[in-house]
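Notes follow once the structure below has been shown.
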Amino acid sequence: MPFNTLSVACATTPTVISTFFSHFLNPTPLVDTPFSHLSYHEGVALIRRFLVYSSYHTVEQLQAFTAQYVPHPTWVHTEDEKIPETCINDAASHLMKALGPETLKKVGGQKWWQWRTRPLQVEWIEMRSDYRHRRKNPEEKLKTMLYIHGGAYYFGSVDEHRYQMQRHARKLHARVFAPRYRLAPQFPFPCAIHDALACYLHLLQLHDQDASRIIFAGDSAGGGLVLSLLTILRDQCLPLPAGAVLISPWVDLCHSFPSVTGDNSKDYLPSHGFLHRPSAAWPPPTREELAALTISAFTIDSSTANTRGPTTAAPPTDGPPPPIPTGSKNVETTINTSNLTVTVGDTTIPPHDQLQMYTTNDLLAHPLVSPVNAPSLGGLCPLLVLVGGGEVLMDEQIYIAHKAANPPRFPVNPVHAEGKSKEERGRDEEVIRKWSDKPTKVMLQVFDDCCHVTPTLSFTRPAKLMYRSIAHFSLWALSSANNDPTTSIAASAEDSSLSSTSIHPPATASSEEDIDYTTTPRAHMNSTPALPPFDPTTNMIRQRISYLGDIYDLPPIPLAPITTPKEDDDPHPTITATPPPHRYTAPLLHPPASIGILTAEPIRRWLEGKREWDEKYARELKQAKSRRAKIHTQLLVQQLNEARRNIGGSGDVSEKEEERDNPPPSALYGRTVHAFEEEKGERLEAKRRSKNAAGTAAGAGAGVGLGLWGWSKLGWGHDQHTVVREKKEEIKMEKMEKKAHKIEDKEAKRKNTRRKTSMEPVLAEESTE
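Residue numbers (my numbering): 960 to 1728.
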């Protein structure tokens, strides 16, 4: 089944038409929500349908579709740049220190995630007018936004997100620095964070190690990467940026908060997670399948090794299978310490399959994978956390904002320390001791009833409000980091579509204390270009934004239920009842022992969907397993042959064999037979790079994503109107300046003429004398 612009258009057109009619025939449920605007309603329905349609295709097809070249408008300037190897190597050193030896074993080694199929590149994005100004004024200090795009860690590209980045560049008059990082499942954790760190180290070199002119930003998975990157910079004593913007960040890959299993009618993310047609990339083999492949490899090897001498080992005839390479040597992949089982229909089964494409199940709770489990989020740069009130990831985003602003109030789940070594626990305790008393300034904005990463719908009103918030916060962070007076955005009223007054004007009262700002708007976004002060008690700015732009206060942070014993001799305590919290503050009362722990309901939904997909694509699944089995068997036989050569007469494994990497099952490195042969691997990589370069040169125009280009044009239409208006104003100002210069020149000529006329008699008299 093809996956191209035409097929996507055919699949989504019925949804666009049906949404159009339902919007007007049944408007009652849409009142007082962003869905009351047709553009927003159509946008959410279109993305939801696209994700469903993409699940009928393979991961590789979705990656190829979203990685197509998307033309940019003429008023945007872009440049590609390659990251130097020195920065990549330095990033690897810092990342290995951050992971520690125990986590490196779980990850599968320290070499495989440094392997790549093409050079690491970034794209610079800026307005062409700013580019010209920068060329004319090279001495000016530059503002840069490092933007990490989202896509659940496994799809998406800079081209797909460029229409969002160029708006940030326009509003900030800055350059956007967008890494083209490696994607899972072919390049799972920690490949993406390694690339992001390398790009930042290169950016620091360009800024002479001055991070005060740099802003981080990321959406969804990119927001999670940004937060993980900040903790690494903090712990490695590297310069932190002036601020960071987290747009609907995905910070809990365990899905331990209630909103994940709640109502998703206002969001486009599927309730069962992401499923795809089987292929060589996904799903990876399970432990049982790998065990069978190991035994098969032993059988094949023993049949050819009898004439060559003794083998290194023999497959066990009874008992459990040998250790399986599911992430590290001699480390079993487990769901959690409670041996979680899930009921699907009438069957109770443990989930053996890998749940997330980004990493294996035993690393889902790692702090660099799920930052919600970080020992402490104190000591970071100021954060702006943008949350959609209708998205399924709302709870974890609200929780992470409060955890950063008040580290002692939200400690890490003690369950996660049980499986750690003494050294790892000591490192976590050092982080808590060092940073828990240094809260991070956090600005939290929850947009009522909005979906996941609302700026994706950049042509809608809520998205424009979010872009404005990002610009306000970024300019404040940059000015604060550089000790400049707090600047407000010059184009705060540039959006003519947002210039209407609020339908809920602030009420008047005798004093400010008489107003309840949780139900009465404190202000409107059109009239508040500057940031309000941070609350000194919470270190936060906590706001709720309506879809029209009215600003309310979030409900107060709830107190945990108070538990006191009835009597001194009564062992049964009394729990003081507290009123039910608001849905925006309920995540703060989520039991700490449940945070970062896999729960049954999300996995049950995923397994139900997976079972349906396995039945629907049984033939493709069988073919994918057959191809994968052949590759793994060849690789295991090769490893056995290498191990045989490296073992001496004493039977001890050589140092080379001991240090061999053991990548996750989905990693492309593990599926490349020649990946462990360094010289052959280098020749293969050189051949692949030359082939890719030739293909790019030969078909530069063949890979244009017309569908993504049309979607981007919807997004940049507003920017184009603004650019045209600014150009007209610039031309008008130039004409006025020219006119003023002409008037000045005429006046100067007139004065010169008068002076000459007045001097003529004097000159004549002097000449006669």
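We put the beta carbon where it would ideally sit given N, CA and C, even for glycine. Bear in mind that the values here come from a model prediction, so they are computed numbers and not experimental data.
CA-CA distance, threonine 1497 to arginine 1093, rounds to 40 Å. Taking the CA atoms as reference points, arginine 1481 sits about 17 Å from histidine 1431.
Note on the segment 1387-1449: whole alpha helix (DSSP H) runs with a minimum of 4 residues are 1420-1440, in chain order. Contact between alanine 968 and glycine 1666 holds, with the beta-carbon distance rounding to 7 Å and staying under 8 Å. In its chain, beyond the 5 residues on either side, His1161 have a beta carbon closer than 7 Å to the beta carbon of proline 1043.
As the crow flies, the alpha-carbon of glutamine 1123 is around 25 Å from that of leucine 1339.
Just measuring C-alpha positions, the residue of Ser1329, Ala1151, Leu1188 and Thr1712 sitting nearest phenylalanine 1216 is Ser1329. One alpha carbon belongs to aspartate 1039, the other to glutamate 1119, and they sit about 15 Å apart. For a cut-off of 8 Å, the C-beta gap from aspartate 1321 to lysine 1100 is around 45 Å, too long to register as a contact. Rounded to whole angstroms, the separation of the alpha carbons of histidine 1016 and glutamate 1574 is 15 Å. Relative to the Cα of glutamine 1027, the nearest Cα in the group Thr964, Gln1313 and Phe1148 belongs to Thr964.
When the beta-carbon positions are compared, glutamine 1502 and valine 1401 stay at least 9 Å from each other. In the three-state DSSP reduction, glycine 1110 falls in the coil class, being neither helix nor strand. Here lysine 1095 is actually not in contact with histidine 1132; their C-beta atoms are around 14 Å apart, not less than 8 Å. According to the DSSP assignment, threonine 1037 belongs to no alpha helix (DSSP H) but to the beta strand (DSSP E) extending over 1035-1041. Within the same chain, and ignoring the five residues on either side of serine 1335 in sequence, the residues whose Cβ sits closer than 6 Å to its Cβ are Pro1366, Val1390, Ile1391, Trp1394 and Ser1395. Put simply, the backbone Cα of proline 1243 is about 17 Å away from that of glutamate 1571. Using a Cβ-Cβ distance cut-off of 8 Å, the segment 1063-1078 and the segment 1169-1184 are not in contact, since fewer than three pairs of beta carbons, one from each stretch, lie closer than that value. Within its own chain, the residues whose Cβ lies closer than 8 Å to the Cβ of arginine 1564, once the five positions on either side in sequence are excluded, are Thr1220, Ser1230, His1231 and Gly1232, listed in chain order.
Contact check for alanine 1239 against arginine 1586 passes: the beta carbons are separated by less than 9 Å. At least 9 Å separates the beta-carbon of valine 1663 from that of valine 990. Annotation for methionine 1086: no alpha helix (DSSP H) segment contains it, though the beta strand (DSSP E) segment containing it runs 1080-1086. Nearest to valine 975 by alpha-carbon distance, out of Phe994, Pro961 and His1000, is His1000.
Nearest to arginine 1087 by C-alpha distance, out of Thr978, Ser1052 and Arg1129, is Arg1129. Of all C-beta pairs linking the segment 1106-1120 to the segment 1179-1187, three or more are shorter than 8 Å, placing the two stretches in contact. DSSP places glutamine 1315 in no alpha helix (DSSP H); its state is neither H nor E. Rounded to whole angstroms, cysteine 1158 and isoleucine 1702 show a C-alpha spacing of 52 Å. Secondary structure in the segment 1177-1256: the alpha helix (DSSP H) runs of 4 residues or longer, each lying completely within the stretch, are 1180-1194 in chain order. The Cβ atoms of isoleucine 1084 and arginine 1134 sit closer than 9 Å to each other. With a cutoff of 9 Å on beta-carbon distance, valine 1035 and aspartate 1211 are scored as not near each other. For valine 1018, the enclosing alpha helix (DSSP H) begins and ends at 1018-1025.
By the Cβ rule, the segment 1198-1210 does not count as touching the segment 1546-1553, because fewer than three pairs are nearer than 8 Å.
DSSP places glutamine 1168 in no alpha helix (DSSP H); its state is neither H nor E. Within the segment 1556-1584, the complete alpha helix (DSSP H) segments at least 4 residues long are 1559-1575, listed from N- to C-terminus. Taking 9 Å as the cut-off, the beta carbon of valine 1683 is found no closer than this to the beta carbon of glycine 1555.
Using a Cβ distance threshold of 9 Å, leucine 984 and alanine 1203 do not count as a contacting pair.
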